Amino acid sequence: ADKPKREVVILGVDPARTHVVHNAVPRATARARLGVADAAPNVLFLGRLTRQKGPAFFLEAAARIGALRPDARFVVAGDGDLRPWLEREAQRLGIGGRVSFPGFLEGAEVERAYAAADVYVLPSLSEPFGLTALEALSYDTPVIVSRTSGVAEALPSSIQIDHGDVEDLARQVVRLLDRPDLARELVANCRREIEHLRWEGVAERLVAIYSSVREVSFA
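One point on numbering: in this note's numbering, the residue at position 111 of the sequence shown is 948, and numbering is uninterrupted.
This is how it looks when you write it as structure tokens:
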């Protein structure tokens, strides 16, 4: 939990009074129950369409991935101020026909998006945690995360990339699409690493932290 703690401490907070509690892992849901069928390789981005989340970086990589895997399709799910620009950029990059912009998703739509994806990418410039990566893993979808994200600490076995390194991101996505065995191994390793992250345990840890400081005066 070094990264989240560093980001708080740099603002002048006492390190001794700073505790990091990671988000929990949603319960696993089988793809088959959602009626998701195998189709063209599907690479997913899901988040706010703002600079911080890195959707432009995702599109640049998509153009390179498409050159190597012309069968691949890309989903940019979410909404935000960059959406009109991103739609134009997809056309400029020559991948407009292979990128869909379904807008903001919720409920069952989110579940199906994760379950239908062959790779989930979290390319954020800055990300305090990145719960979406854990959500994707709960549907057995392999994840690629930015090293600047907090979730990278919880997933040391995940494929991690530097924000802005388009070539590396494209290369890693193609590796996972070309090698289903590697994708399955990645998911299995990551799932083991976060098996302990359950909401019940998170709640217990938070209660323990609050109990330890309840007598402290903040005057």
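We put the CB at the ideal spot given by N, CA and C, even for glycine.
Given the structure is predicted, the values throughout are model-derived calculations rather than measurements.
Original post:
In the structure shown, what three-state DSSP assignment does Ala914 receive?
Top reply: Secondary structure of Ala914 (DSSP, three-state): strand.
Original post:
Would you report the Cα separation of Arg791 and Ala970, rounded to the nearest angstrom?
Top reply: Since the first residue shown for the chain is 838 and the last is 1056, residue 791 is missing from the structure and cannot be characterised.
**OP:** Quick one: give me the first and last residue of the alpha helix (DSSP H) that Tyr951 is part of.
**Re:** Ala945 to Ala953
**OP:** Give me the Cα-Cα distance between Gly940 and Val1011, rounded to the nearest whole angstrom.
**Re:** 25 Å
Original post:
How would you label Ser1049, buried or exposed, when you count the other beta carbons within 10 angstroms and need 16 or more for buried?
Top reply: Exposed, because fewer than 16 other Cβ atoms sit within 10 Å of the Cβ of Ser1049.
**OP:** Reducing DSSP to helix, strand and coil, say where Glu1022 ends up.
**Re:** helix
Original post:
Going by beta carbon distance, what residues of the same chain come within less than 6 Å of Glu926, once the five residues before and after it are set aside?
Top reply: The answer, listed in chain order, is Leu896.
Subject >> Cβ-Cβ separation, Val1024 to Leu974 (assumed contact under 8 Å), whole Å >> reply: 6 Å
Subject >> Beta-carbon proximity of Ala899 to Leu942, cut-off 8 Å >> reply: The criterion of a C-beta distance shorter than 8 Å is not satisfied by Ala899 and Leu942.
Original post:
Thinking just about the alpha-carbon of each residue, which of Gln889, Phe911, Glu964 and Gly944 is nearest to the one in Gly933?
Top reply: Phe911
Original post:
How about Val956 and Leu1014: are their beta carbons less than 8 Å apart?
Top reply: yes
Original post:
Which residues in the same chain have their Cβ closer than 8 Å to the Cβ of His1000, if we skip the five residues on either side of it in sequence?
Top reply: Gly891, Phe894, Pro960, Ser961, Leu962, Ser983, Arg984 and Thr985
**OP:** May I have the straight-line CA-CA distance separating Arg1029 from Arg1021, to the nearest angstrom?
**Re:** 12 Å
**OP:** Just tell me which of Leu905, Tyr976, Phe938 and Thr887 has its CA closest to the CA of Asp918.
**Re:** Thr887
Original post:
For Ser995, which of Gln928, Val980 and Leu883 has the nearest alpha-carbon?
Top reply: Val980
Subject >> 7 Å CB neighbourhood of Asn1026 in its chain, flanking five on each side removed >> reply: Ser994
Original post:
Do you know offhand how far Gly884's Cα is from Ala1045's?
Top reply: 32 Å
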